[in-house]
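> Dumping the structure here so I can ask a few things about it.
Protein chains: 2
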Amino acid sequence: MNLRDLKYLVAVADHLHFGKAAKACHVSQPALSMQIQKLEQYLDVQILERSNKSVFVTDLGQKIIARARDVLQGAAEIEDMAAMNKAPYMGNLRLGAFPTIAPYFLPLIVPTISQKFPNLRLLLLEAKTEDLVDKLTRGKIDAALLATTEAPGVLQSYPIFRDEFIFAVPKDHEKASRKSVDKEYLLQQPLLLLEEGHCLRDQALDYCRLSPMSTEYDFQATSLETLRQMIAAGVGATLLPKIAMRPDDGIKYIKIKPAAPYRTISLVWRKSSAKQAFLTELAELMKLCYMRHD
Amino acid sequence: MNLRDLKYLVAVADHLHFGKAAKACHVSQPALSMQIQKLEQYLDVQILERSNKSVFVTDLGQKIIARARDVLQGAAEIEDMAAMNKAPYMGNLRLGAFPTIAPYFLPLIVPTISQKFPNLRLLLLEAKTEDLVDKLTRGKIDAALLATTEAPGVLQSYPIFRDEFIFAVPKDHEKASRKSVDKEYLLQQPLLLLEEGHCLRDQALDYCRLSPMSTEYDFQATSLETLRQMIAAGVGATLLPKIAMRPDDGIKYIKIKPAAPYRTISLVWRKSSAKQAFLTELAELMKLCYMRHD
DNA sequence: CGTTATAATAAGTATAACTTATCGATATGA
DNA sequence: TCATATCGATAAGTTATACTTATTATAACG
Chain A
586 MNLRDLKYLV AVADHLHFGK AAKACHVSQP ALSMQIQKLE QYLDVQILER
636 SNKSVFVTDL GQKIIARARD VLQGAAEIED MAAMNKAPYM GNLRLGAFPT
686 IAPYFLPLIV PTISQKFPNL RLLLLEAKTE DLVDKLTRGK IDAALLATTE
736 APGVLQSYPI FRDEFIFAVP KDHEKASRKS VDKEYLLQQP LLLLEEGHCL
786 RDQALDYCRL SPMSTEYDFQ ATSLETLRQM IAAGVGATLL PKIAMRPDDG
836 IKYIKIKPAA PYRTISLVWR KSSAKQAFLT ELAELMKLCY MRHD
Chain B
586 MNLRDLKYLV AVADHLHFGK AAKACHVSQP ALSMQIQKLE QYLDVQILER
636 SNKSVFVTDL GQKIIARARD VLQGAAEIED MAAMNKAPYM GNLRLGAFPT
686 IAPYFLPLIV PTISQKFPNL RLLLLEAKTE DLVDKLTRGK IDAALLATTE
736 APGVLQSYPI FRDEFIFAVP KDHEKASRKS VDKEYLLQQP LLLLEEGHCL
786 RDQALDYCRL SPMSTEYDFQ ATSLETLRQM IAAGVGATLL PKIAMRPDDG
836 IKYIKIKPAA PYRTISLVWR KSSAKQAFLT ELAELMKLCY MRHD
């Protein structure tokens, strides 16, 4: 068996197409076909079901491919280790962030990071939490900014800061002149929310889980910026994370007292990552950035 | 990078000798040397420190080799999956058992197993718990009979049976005529124990942890059979697992009531093992064997 | 100071993987 | 229905790579 064979196999599983898989592996289609045939021959099992029009993965194949991904990731981590050893602060860092933190926190940290690590190529990816966790565990990204308190088994997290929620209302709202509101009041308010899949939506619903009011609106904003526009336009109120606050945007931000709800923003990476030490350093740097800003 | 290279590398790490490593890999020494050189060149780091007389592994090398072991194990598991798929009940099964269970439980189960799975080559290994867990996680054995209740992360366990402890005394012991003793009494007895490293010793000490008496003897038996001889010879008393009881061996076995201490014997294997399904079946079979005997 | 043990190097050979060109089978569409 | 396109498998020749044995270089040892 051979790492290359496994790479080819995984490529076919990803594309379900020999030609595309071959292209992705930068080899000709026959080369890839042959190696996979040999692998099947060597293992003496059928991994793929081919026809002229389609490729399927057998049940056993699924298991084999899953393990093959692990093996390839392990190999990649060996290469990473070597690279990190040579030049700890060089090379690519693929960093994910979920949509309701990315546009607010990244501008805060990216300049400092690029300044401190000028040889680092910071490749940023904005995606929903679920997607990021998946990409993390599959080794498609190196780290991600997440709002989950607990990370699953293979991942580990380093808390960066606590992002409080704040009550956002139009300037002409009945409470617009108040300095603060309390939970009792909030639970009785209908709130505009982001669409399904955003962790911010879940966190707001979680906080207000006793209130059926919160889901009253049938329109759901697709991004935090859209939501902000809607609030400013007087459509309704919502909970916004403090980091998304902006001065003079036509919105009145009202503190929630006592015990404002919050989300914890953490940097998360694979325990097995070769960038381990560097990522810890990076997380500390992010924390400093936030404190300087706050 | 290549699985073969990693295999060579691990072999050198294991032998700390290129020649022996080469022999273990069934290749000539130059072939192995060259591949490792190329690997180091490819990764552009030094993994091994060579001199004419000795080979050392660098710090980074340690990390790389550790990960390489994982990668190789993953690859081996892919092969296992294929083999198991072709013939679930064939091939080698490397089974470990700790010394105070092996000679008593294995004779009970081995005939049944070989009868039910005639094409299975059962390779048995007797070693101390710590050693077995190490061999398990490193993929040197497929499964082990252990008395640990909880298995660490990568392992999973299936309970086979509960093995109670019983108070073993010479025939002429003061309590030899009693039908049972209680914990209060036991805690005041000096007990003969096995030497360090035996889990049975730890379990007995654990049960009697309030009693300083139990460590009074400065002589420690090296095996359960030796211990049995010592009890029979009238040297002292001990706690024996019920499964080690034997009729007419010059020892009086006295029940501990109420709430006899016990150890739980489980079959343990790697979660990632390809023999997963088969091992569950095997564990069930062992359980049946025990119940039939009991 | 030769002998031994070690890993590295050299030269030649064998193996394996790659390339391009082609085939065979199936679906698509005028 | 027949030409055409698509896709994976096969064939033939080439290249790259890993292997072999023989040899060298270096240090330790008696």
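As given, the protein sequences belong to chains A and B, one line each in that order. Position in the first sequence (first residue = 1) + 585 = this note's numbering. Position in the second sequence (first residue = 1) + 585 = this note's numbering. We treat Cβ as the ideally placed atom computed from N, Cα and C, and that holds for glycine.
(1) Counting only beta-carbon separations shorter than 9 Å, does P673/B have a partner in chain A?
(2) Can you give me the C-alpha to C-alpha distance between K671/A and T733/A, rounded to a whole angstrom?
(3) Is V656/A close to chain B? Criterion is C-beta to C-beta, closer than 9 Å.
(4) Go through its chain and collect everything with a Cβ distance to L812/B's Cβ below 7 Å, but skip five positions before and after it.
(5) M619/A versus chain B: which residues are under 8 Å apart at the beta carbon?
(6) Output needed for S808/B: all residues of its chain with C-beta closer than 7 Å, excluding positions within five of it in sequence on either side, in chain order.
(7) So which residues of chain B does A885/A contact, with C-beta pairs closer than 9 Å?
(8) Please list, in chain order, the chain B residues whose beta carbon lies closer than 8 Å to that of I649/A.
(9) Mind checking whether I745/A and P826/A have CB atoms under 9 Å apart?
(10) Per DSSP, which one or two residues make a beta bridge with Y838/B?
(11) Count the other C-beta atoms from every protein chain shown that fall within 10 angstroms of the C-beta of V656/A, then say buried if there are 16 or more, exposed otherwise.
(12) Reducing DSSP to helix, strand and coil, say where E711/B ends up.
(13) Going by DSSP, which residues form a beta bridge with R848/B?
(14) By DSSP's criteria, N677/A is part of a beta bridge. Which residues make up the other side?
(15) Cβ of A598/B less than 9 Å from any chain A Cβ?
(16) Can you give me the C-alpha to C-alpha distance between A859/B and R654/A, rounded to a whole angstrom?
(17) Would R589/B count as contacting chain A if we go by Cβ distances under 9 Å?
(18) State the beta-bridge partners of L594/A as determined by DSSP.
(19) Please list the terminal residues of the continuous beta strand (DSSP E) segment that includes V642/B.
(20) Got a sec: which bits of the region 611-640 of chain B sit with their beta carbon under 7 Å from any beta carbon on chain A, in order along the chain?
(21) Is the beta carbon of Y847/A less than 9 Å from the beta carbon of D767/A?
(22) Just checking: is the beta-carbon of H602/A within a distance shorter than 9 Å of some beta-carbon in chain B?
(23) Look at A729/A and G681/A and say whether their C-beta atoms are less than 9 Å apart.
(24) At a Cβ cut of 9 Å, what residues of the region 722-748 of chain B count as close to chain A, listed as they run along the chain?
(25) What are the partner residues of S742/B, as DSSP defines its beta bridges?
(26) List the residues of chain B that N677/A touches, going by C-beta distances under 7 Å, in chain order.
(27) Can you give me the C-alpha to C-alpha distance between A712/A and D791/A, rounded to a whole angstrom?
(28) What does R586/B reach in chain A if we use C-beta pairs closer than 8 Å?
(29) List the residues of chain A whose Cβ lies closer than 9 Å to the Cβ of R652/B, in chain order.
(30) For V739/B, which residues in the same chain have their Cβ closer than 8 Å to its Cβ, ignoring the five residues on either side in sequence?
(31) Determine the direct distance from the alpha carbon of I650/B to that of L591/B, and round the result to whole angstroms.
(32) Whole angstroms are fine: how far does the CA of F690/B sit from the CA of M876/B?
(33) Under 6 Å Cβ to Cβ from G819/B, same chain only, skipping five residues before and after it: list those, please.
(34) Do the region 639-650 of chain B and the region 595-603 of chain B touch if we need at least three Cβ pairs shorter than 8 Å?
(35) With H, G and I counted as helix, E and B as strand and the rest as coil, what does DSSP make of V718/B?
(36) With DSSP collapsed to three states, give me the class of F765/A.
According to the structure shown:
(1) As a position in the second sequence, residue 673/B is number 88, starting the count at 1. For P673/B, no Cβ of chain A is located within less than 9 Å of the residue's own Cβ.
(2) Counting from 1 along the first sequence, the entry for residue 671/A is found at position 86. Counting from 1 along the first sequence, the entry for residue 733/A is found at position 148. So the alpha carbons of these two residues sit roughly 33 Å apart.
(3) Taking the first residue of the first sequence as position 1, residue 656/A is located at position 71. So, interface residue.
(4) Start at 1 with the first residue of the second sequence, and residue 812/B comes out as number 227. Sequence-distant partners of L812/B (beyond 5 residues in either direction) whose C-beta falls short of 7 Å from its own C-beta, in its chain, are L777, L779, A806, T823.
(5) The residue you call residue 619/A lines up with position 34 of the first sequence. Within 8 Å Cβ-Cβ: nothing; M619/A doesn't reach chain B, min ~18 Å.
(6) Within the second sequence, residue 808/B is the residue found at index 223, counting from 1. The answer, listed in chain order, is P684.
(7) A query on residue 885/A cannot be resolved here, the shown segment of chain A reaching from 586 to 879 and no further.
(8) For the purposes of this step, residue 649/A is taken as the residue at position 64 of the first sequence. Under the 8 Å cutoff, chain B gives I663, M666, A667.
(9) Numbered from 1 along the first sequence, position 160 holds the residue referred to as residue 745/A. Numbered from 1 along the first sequence, position 241 holds the residue referred to as residue 826/A. No. Outside cutoff.
(10) As a first step, residue 838/B must be located in the second sequence, where it is residue number 253. Paired residues: A753/B.
(11) Translated into the one-based positions of the first sequence, residue 656/A becomes position 71. Classification of V656/A: buried, given that the 10 Å Cβ count is 16 or more.
(12) Translated into the one-based positions of the second sequence, residue 711/B becomes position 126. Assigned with DSSP and collapsed to three states, E711/B falls in strand.
(13) Taking the first residue of the second sequence as 1, we reach residue 848/B at position 263. For R848/B, DSSP records a beta bridge to D748/B.
(14) In the first sequence, counting from the first residue as 1, residue 677/A sits at position 92. In the DSSP assignment, the residues bridged to N677/A are R706/A.
(15) Here the question's residue 598/B lines up with position 13 in the second sequence. Taking Cβ atoms only, chain A never reaches closer than 9 Å to A598/B, which makes this a no.
(16) Mapped onto the second sequence, residue 859/B falls at position 274. Mapped onto the first sequence, residue 654/A falls at position 69. Distance from the CA atom of A859/B to the CA atom of R654/A, rounded to whole angstroms, is 15 Å.
(17) For the purposes of this step, residue 589/B is taken as the residue at position 4 of the second sequence. It does: the Cβ of R589/B has a partner Cβ on chain A nearer than 9 Å.
(18) Start at 1 with the first residue of the first sequence, and residue 594/A comes out as number 9. According to DSSP, residue pairing for L594/A in a beta bridge does not occur.
(19) Position 57 of the second sequence holds residue 642/B. Run containing V642/B: 640-642, per the beta strand (DSSP E) assignment.
(20) Within the region 611-640 of chain B, L628, D629, V630 place their CB atoms closer than 7 Å to a CB of chain A, listed in sequence order.
(21) Residue mapping note: residue 847/A aligns to position 262 of the first sequence, counting from 1. Residue mapping note: residue 767/A aligns to position 182 of the first sequence, counting from 1. No. Outside cutoff.
(22) Here residue 602/A is taken as the residue at index 17 of the first sequence, counted from 1. No, no contact with chain B.
(23) Taking the first residue of the first sequence as position 1, residue 729/A is located at position 144. Taking the first residue of the first sequence as position 1, residue 681/A is located at position 96. Against a cut-off of 9 Å, the Cβ pair of G681/A and A729/A comes out as a contact.
(24) Under the 9 Å Cβ criterion, the region 722-748 of chain B contributes G738.
(25) Taking the second sequence and counting its residues from 1, the one referred to as residue 742/B is at position 157. Partner(s): V853/B.
(26) Taking the first residue of the first sequence as position 1, residue 677/A is located at position 92. Going along chain B, no residue has its Cβ under 7 Å from N677/A, so there is no contact; the nearest lies around 16 Å.
(27) Counting from 1 along the first sequence, the entry for residue 712/A is found at position 127. Counting from 1 along the first sequence, the entry for residue 791/A is found at position 206. For A712/A and D791/A, the distance between alpha carbons rounds to 21 Å.
(28) Walking along the second sequence from the start, residue 586/B turns up at place 1. Rather than Arg, the amino acid found at residue 586/B in this sequence is Met. L588, A660, I663, E664, listed in chain order.
(29) Within the second sequence, the letter at position 67 stands for residue 652/B. Residues of chain A passing the Cβ test: G659, A660, E662, I663, M666, S857, A859.
(30) As a first step, residue 739/B must be located in the second sequence, where it is residue number 154. Taking V739/B as the centre and dropping the five residues before and after it, the same chain places the C-beta of T722, R855, K856, S857 closer than 8 Å to its C-beta, in chain order.
(31) In the second sequence, the residue the question calls residue 591/B occupies position 6. In the second sequence, the residue the question calls residue 650/B occupies position 65. Rounded to whole angstroms, L591/B to I650/B spans 8 Å at the Cα level.
(32) Within the second sequence, the letter at position 291 stands for residue 876/B. Within the second sequence, the letter at position 105 stands for residue 690/B. Cα to Cα, M876/B sits roughly 12 Å from F690/B.
(33) As a working mapping, residue 819/B is identified with position 234 in the second sequence. The residues are P755.
(34) Judged by Cβ distances under 8 Å, the region 639-650 of chain B makes contact with the region 595-603 of chain B, as three or more pairs qualify.
(35) As a working note, residue 718/B is residue 133 in the second sequence. In this structure, DSSP gives V718/B a helical state, which the three-state scheme calls helix.
(36) The count along the first sequence starts at 1 and reaches residue 765/A at position 180. Just to set this straight, residue 765/A is Ser in the shown sequence, not Phe. Strand, per DSSP.
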